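A.B. asks: In the working numbering, the protein residues as written are 320 to 470.
The beta carbon of each residue, even a glycine, is placed where N, CA and C say it ideally should be.
Computed from a prediction, not measured in an experiment: that's the story for all the values here.
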Amino acid sequence: MVSKRFLSACMALYSLLLFSGSVTAEVSSVFISSTLDPNAIIITEVDVIFIYDAETASNLPDTKSAWYSNKRQFTRNAGNKIDIVNVFISQGFDSEMTSLPARRADALKVVVYAYHDDSKAAPRDITDTANVLIEIDPFGIRVSSTDPIEN
C-alpha cells in the first residue's frame, strides 16, 4: 500500500517536472552546412522548431512531407506555444549560425525538418544537444553535435 502511494507520488512529481518547464532544452547553437555542389542552383529550407507545450509536441507531424504540407495550419493552431527558426541555405556554402529564440531553454522539445530530406523522414529531435550541426548532403540531412566527446 505504501509502495503504491510512493510510486504514484513519484510519477506525479516526474510529470510535474516534465511539463512545468523545469525540464529544459539544451540547444544553444545551430550551425547549418551544405556539402552539395556550389554550382547547383538549389536552396534548402530548414526549420528548427522549439515547442513549449506538451500537447503541441504530441501533435507534431510525423514526416517532413506532413510538416511542409501542413506547416501553416500547424503554426496557426500552435500560436505562441512554438517558435520556428526558418533558414534558407544555398548549396555549397559552409556553416551558417542561426539566430535562436530568447526563450529556447524553456522548450520541452526541439526538432529539425529540412526540405531537402526524404519525404518520409521523421523530424530530428535535438532537444538534448547543446551545439547542433546540420549537414546537407546529396542523400538528405545529417544532424550531429559539435560538442567535444567526454572521456
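From what residue to what residue does the beta strand (DSSP E) around Thr363 run?
C.D. replies: One-based indexing of the sequence shown puts residue 363 at position 44. First-last of the beta strand (DSSP E) with Thr363: 362-370.
A.B. asks: Identify the residues that DSSP records as bridge partners of Ala433: which are they?
C.D. replies: Here residue 433 is taken as the residue at index 114 of the sequence shown, counted from 1. Answer is Val365, bridged to Ala433.
A.B. asks: What are the boundary residues of the alpha helix (DSSP H) that includes Phe393?
C.D. replies: Residue 393 sits at position 74 when you count from the first residue of the sequence shown. From DSSP, the alpha helix (DSSP H) with Phe393 extends over 383-397.
A.B. asks: In angstroms, rounded to a whole number, what distance separates the CA positions of Phe350 and Ala385?
C.D. replies: Numbered from 1 along the sequence shown, position 31 holds the residue referred to as residue 350. Numbered from 1 along the sequence shown, position 66 holds the residue referred to as residue 385. Phe350 and Ala385: Cα-Cα distance of roughly 24 angstroms.
A.B. asks: In angstroms with no decimal places, state the Cα-to-Cα distance between Pro380 and Glu345.
C.D. replies: Counted from its first residue, the sequence shown places residue 380 at position 61. Counted from its first residue, the sequence shown places residue 345 at position 26. Their Cα atoms are separated by approximately 22 angstroms.
A.B. asks: Would you say the stretch 365-376 touches the stretch 390-408, given that touching needs at least three Cβ pairs under 8 angstroms?
C.D. replies: yes
A.B. asks: In the DSSP assignment, find the unbroken alpha helix (DSSP H) run with Glu374 in it and report its ends.
C.D. replies: Position 55 of the sequence shown holds residue 374. Counting along the chain, the alpha helix (DSSP H) containing Glu374 begins and ends at 373-377.
A.B. asks: Does Ala439 pass the burial test, meaning 16 or more other C-beta atoms within 10 Å, or should it be called exposed?
C.D. replies: For the purposes of this step, residue 439 is taken as residue 120 along the sequence shown, with counting starting at 1. In the sequence as displayed, the identity of residue 439 is Lys instead of Ala. Counting Cβ neighbours within 10 Å, Lys439 comes out exposed, since fewer than 16 surround it.
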